[in-house]
Structures are given as C-alpha cells and as structure tokens.
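In terms of the working numbering, the sequence shown opens at residue 7 and continues consecutively. Step one of this worksheet: look at the structure below.
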Amino acid sequence: MSRSRGTDRRGQIPDMVSIHVGPPEIEDRLLPGHWEGDFIKGAGNQSSVGVLVERTSRLVLLAKMQDATAASALAGFSAKLNSIPEPLRQSFTYDQGKELARHQELAAATGVSVYFCDPHSPWQRGTCENTNGLLRQYLPKGTDLSVYSQDELDAIADSLNSRPRATHAFHSPFEVFAATLASASQPQGAKH
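So, in structure tokens, the structure goes:
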C-alpha cells in the first residue's frame, strides 16, 4: 500500500482570505482606504519596520517593530491603521509572511478586511514593493533598523509623503490623501 504525500501545511497561516475574493475596488484604486503592507528587515533579519501604503494616494506609514513576530505586527499595524479615520480603513493586503498569523485579531482591532497575496507574487502588492525601494534610500539594506525611533520613521514617511508623484499630476501623497479625507468627511449629497 503506497502512502500519499498530502499537503505540507507547515508555515501556512490559518483562515487566510485570498485577494482573489476581495472586492474589485481594491484593484482599481478608485476608492480610497485600501492598504498594502510589508515588513522590511534590517541587518541579519534582527530588526524590522512595518510598511503600510494606501493604494489610491500612495500615502506611507511606518511602524517601528520590536521584532518580526506576529505579536509585533499586530501591535504596530493596529496602532498605525487606527490612526487613520475609519472611512479610510477598508482593506489590508499582505504577503503570506508568518508575521501576519494574527490577521483575524488585526481585522477585529482595526475594522479592516485582511487579504493575502498568492505565494511568491510580489506584483500583487506592487505599490508596497515600489515604496520599499524608495525606503531603501533612507534605510539601506544591512542597516540595523532598531536604532530608529518611531519619530525618525515618521519623519522618513513624511519625506516620502511630501514628494510629488507623476502618477498624481505631481501632487504629493499628502495632498492627495488630504483631498480624499476632505471628501470623505463631506456629508452625503453635499455639493462644492
């Protein structure tokens, strides 16, 4: 009698929801409030920073992480997402890194729907991957990221968020996000 190999489930995150079942507005970038996330790791993978990027405005938020554990990801991402007004917290897309194993707690704490990319598919979070490249101008590979305070990381994010982008007709992510925030706070049916 031969044995079947079965599926190796080591390292899999339970109850993941694929981006393929997420609403189409995540992909089309027309509605704000959809975020991509990632970790960038420092020297020897001993330090990390959580990266959040809003897909419509390209606004960047950075979270200092004590380590690359699920507990740190939950605390850091929850704090940053909860600093954003609720209408602009719709979804959060992440790769299948183990640091997001507590995704259900993140969803409960922030009100966002959490979706996961396919394995080995960084293009499914292209905005975040592009942002990581920009961040490496400030946080080069091999740097000990634990030496940066949250205030220093916020200053780096502010610098990126102040940079005009061709994709926004040379408006900055701050300007685009502020306009989005203003329109989100308008009463329904209000006209300019």
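All C-beta atoms, glycine included, are put in the ideal place defined by N, C-alpha and C. Computed from a predicted structure; not experimentally measured.
Under the three-state reduction of DSSP, which class applies to alanine 69: helix, strand or coil?
If DSSP states are grouped into helix, strand and coil, alanine 69 belongs with the strands.
Can you grab the Cα-Cα spacing for the pair glycine 82 / phenylalanine 176, in whole Å?
Phenylalanine 176 has its alpha-carbon roughly 30 Å from the corresponding atom of glycine 82.
Whole angstroms are fine: how far does the CA of alanine 163 sit from the CA of leucine 68?
Going from the Cα of leucine 68 to the Cα of alanine 163 covers about 6 Å.
Can you tell me which of Gly148, Tyr100 and Arg64 puts its alpha carbon nearest to the alpha carbon of isoleucine 19?
The option with the nearest alpha carbon to isoleucine 19 is Tyr100.
With burial defined as no fewer than 16 other Cβ atoms inside 10 Å of the residue's Cβ, what is the status of glutamine 72: buried or exposed?
Glutamine 72 comes out exposed.
Quick one: which unbroken beta strand (DSSP E) runs of 3-plus residues sit fully inside the segment 31 to 101? Chain order, please.
40 to 47, 54 to 60, 66 to 71 and 97 to 100, all fully within the segment 31 to 101.
Classify alanine 107 as buried or exposed, calling it buried when 16 or more other Cβ atoms lie within 10 Å of its own Cβ.
That one is buried.
C-beta atoms of lysine 70 and glutamine 156 nearer than 8 Å:
Against a cut-off of 8 Å, the Cβ pair of glutamine 156 and lysine 70 comes out as a contact.
Which word fits arginine 61, buried or exposed, when buried means at least 16 other C-beta atoms lie within 10 angstroms of its C-beta?
Buried, by the Cβ-count rule.
Return the CA-CA distance between proline 29 and tyrosine 121, expressed in angstroms with no decimal places.
Approximately 10 Å between the Cα atoms of the pair.
Out of Ser168, Leu166, Ser53 and Ile32, which one is the CA nearest neighbour of serine 78?
With distances taken between Cα atoms, serine 78 lies closest to Ser53.
Taking the alpha-carbon positions, what's the leucine 145 to alanine 172 distance?
The alpha-carbon atoms of leucine 145 and alanine 172 are separated by roughly 23 Å.
Could you give the DSSP three-state label for histidine 126: helix, strand or coil?
Here histidine 126 carries a coil assignment [DSSP, helix/strand/coil].
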